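Colleague:
In full-length UniProt numbering, the protein residues as written are 1 to 188.
1. With a threshold of 16 other CB atoms inside 10 Å of the CB of residue 175, please say whether the residue is buried or exposed.
2. Considering just the uninterrupted stretch of the alpha helix (DSSP H) at residue 41, what are its terminal residues?
3. For the stretch 89 to 150, list the beta strand (DSSP E) runs that are entirely contained and at least 3 residues long, ordered along the chain.
4. For residue 56, which residues of its own chain have a beta-carbon under 7 Å away from its beta-carbon, when the five flanking residues on both sides are left out?
5. Taking 8 Å as the threshold, find out whether the stretch 95 to 108 comes into contact with the stretch 49 to 67 through three or more Cβ pairs.
6. Can you list, in chain order, the residues of its chain with a C-beta nearer than 7 Å to that of residue 6? Leave out the 5 residues immediately preceding and following it.
7. Short check: CB of residue 36 to CB of residue 89, under 8 Å?
8. Quick check on this structure: which residue in 159, 62, 170 and 164 has the alpha carbon closest to the alpha carbon of residue 189?
9. Does any C-beta atom of chain D lie closer than 8 Å to the C-beta of residue 166?
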């Protein structure tokens, strides 16, 4: 399975480890976990300093989601599919909701072009116009949605990879058991 450096040098090639989709999903999930934990801590500190109850809600949401992400990582490492499914389910719900929000935002952007929707800003604010604000925010939301979809796709492929490895292991085990049971004489 693994070759020493001398054996690889004899053949004129060196064997390298090829990253798998499962490894990529573990790395992506770990990065997501770090972001979730840091956001939960930030929101908790913000809640403690300002007393904003919405920050406490977001801190709780990020904490609960980080627990599911931790289960996903453990499931990917240990090839336990049932640990990975809750995170994928939450991600599916999140992406669906977020995609609907982006669609509604672009509808509001179209309405803002005709000044039917306004965002709150002070009279002394010399920043973006109404349409510029909605278009810029819509572009940012769309990019974040596309990145989230791509990351979720990588994590789903990691789940499929773990499931396929489990199925291959099950087939090999089943074949060995069948071989052992067929070869044994019944009178022994």
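Built from N, CA and C at the ideal position, the CB exists for glycine as well. Predicted model only: the values in this text are computed from it and were never measured.
Modeller: If we stick to the structure as given:
1. Flag for residue 175 reads exposed.
2. Start and end: 21 to 50.
3. Those beta strand (DSSP E) runs which fall completely within the stretch 89 to 150 and span 3+ residues do not exist here.
4. Closer than 7 Å at the Cβ level, and outside the excluded window around residue 56, lie 47.
5. The stretch 95 to 108 and the stretch 49 to 67 do not touch, with fewer than 3 CB-CB distances between them shorter than 8 Å.
6. Note that residue 6 has pLDDT 47, beneath the 50 cutoff, so the model's placement of it is unreliable and the number below is only indicative. Here the set comprises nothing.
7. Not closer than 8 Å, so no.
8. No information on residue 189 is available, as it lies outside the stretch 1 to 188 that the chain covers here.
9. Absent here is chain D; the protein component of the structure consists of one chain.
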